[in-house]
Structure formats: structure tokens, C-alpha cells
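J.:
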Amino acid sequence: MKYNPLDKSDAFEVNDCNNNTQYFSTDNLKETAGIKNSNLSLLCSNVRSLTKNFDALKELLSEIDVNFQIIGLVETWLKEKPHDYYHLRGYNLELCNRNDKRGGGVSMYVDENIAYNVRHDINDLNQLKYTESLFIDFVKSILKTL
């Protein structure tokens, strides 16, 4: 059996920034973690080839039924800017591909209602060998005022 990084049976790790880490299945992630009431919702996954696992990613997002504001993917394994096949409705896609050898690459799906800028000045770290990074900043705060 091949490893599927987006397999529904895998547990999700949730860290609340106070180092209180909990693990959730897709069945109870939404209810237990309180994502619907969250000020900021993020999902990060090692996708191990966006080409191979894009349909599994879409299925996972549909099953969880949470509109994440940011979806970060590592190990996208893309070599060039992808075509519309990798489009997720309601999101803008930002990429940093590893072009010189197999593996690597990061991407970020950002909710289309969030105003942001790609930080090319920081992304210059990508000139370092063996790293890919992608930084954005928000034009205005996306967190609700408490």
C-alpha cells in the first residue's frame, strides 16, 4: 500500500500557539478544534506531489468543509507554473517551485477575499541552495478585533 499524505485515516495536529497540541481525525476536526469560530484558519500539508495528490486534496477540503483562509503546501514537486488544473475555487495560488532537481517546492492558497502582498524581498532567501520559501503579508489585519 502506498503512502497517501492526505489519507483520511491520518490524524491532524492542531497547535493553539500555547504549545497545547492535539490530534484530530477528519471526522472531528471541525467540531473539536472550533475552527468555525476561529479568527484565522490555516491548513498546512506535505502534499508529496501536487500533481499526484491534487484530487485527494480537493476531496479532503470538501470532507472537512472548512473554508481555510490560508492553505500551505510543501513538497509540491512542481517544476513550472501550473495551469488552471490546480485552481481551488475561492483562492489565489502563490508558488515557489524547485526547478533544478526533483522534489521540493512550496505553495500557498490564499482566500481571494484577503488582500495581501507577496514579499519578494524576503523570498530572495530562495537563492540559497536546497530551500524554497514563500512569504506574504496582509494589507490589513484579517483578525477580528477582540
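Every letter in the sequence shown is one number past the one before it in my numbering, and letter 2, counting from 1, is 50.
Even glycine gets a Cβ: it sits at the ideal position worked out from N, Cα and C.
Fair warning: this is a prediction, and the values are worked out from it, not measured in the lab.
Nearest to Asn-140 by alpha carbon, out of Asp-103, Ile-184 and Leu-88?
T.: To locate residue 140, count along the sequence shown from 1; it is residue 92. Out of Asp-103, Ile-184 and Leu-88, Ile-184 has the C-alpha closest to the C-alpha of Asn-140.
J.: Taking Ser-97 as the reference, give the member of Lys-188, Ile-112, Gly-151 and Tyr-157 with the closest Cα.
T.: Position 49 of the sequence shown, counted from the first residue, corresponds to residue 97. Residue Gly-151 is the option with its Cα nearest to Ser-97.
J.: Got a sec, what are the start and stop residues for the beta strand (DSSP E) Glu-123 sits in?
T.: Locating residue 123 in the sequence shown gives position 75, counting from the first residue. Here Glu-123 belongs to no beta strand (DSSP E), and DSSP marks it neither H nor E.
J.: Identify, in the order they occur along the chain, each residue of the same chain with its Cβ nearer than 6 Å to the Cβ of Ser-155, setting aside the five sequence neighbours on each side.
T.: Position 107 of the sequence shown, counted from the start, is the residue given in the question as residue 155. Contacts found: Leu-121, Thr-124 and Leu-143.
J.: Go through its chain and collect everything with a Cβ distance to Asn-165's Cβ below 6 Å, but skip five positions before and after it.
T.: Working through the sequence shown from its first residue, we reach residue 165 at position 117. If we look at Asn-165 and ignore the five residues flanking it on each side, its Cβ neighbours are Asp-185.
J.: What does the alpha-carbon distance come out to for the pair Ser-189 and Pro-130?
T.: Taking the first residue of the sequence shown as position 1, residue 189 is located at position 141. Taking the first residue of the sequence shown as position 1, residue 130 is located at position 82. C-alpha separation (whole angstroms): 30 Å.
J.: Work out the CA separation of Asp-113 and Lys-149 for me, nearest whole Å.
T.: As a working note, residue 149 is residue 101 in the sequence shown. As a working note, residue 113 is residue 65 in the sequence shown. Each residue's Cα considered, the two are about 35 Å apart.
J.: In terms of residues, what are the limits of the alpha helix (DSSP H) holding Glu-111?
T.: Counted from its first residue, the sequence shown places residue 111 at position 63. Segment 98–112, the alpha helix (DSSP H) holding Glu-111.
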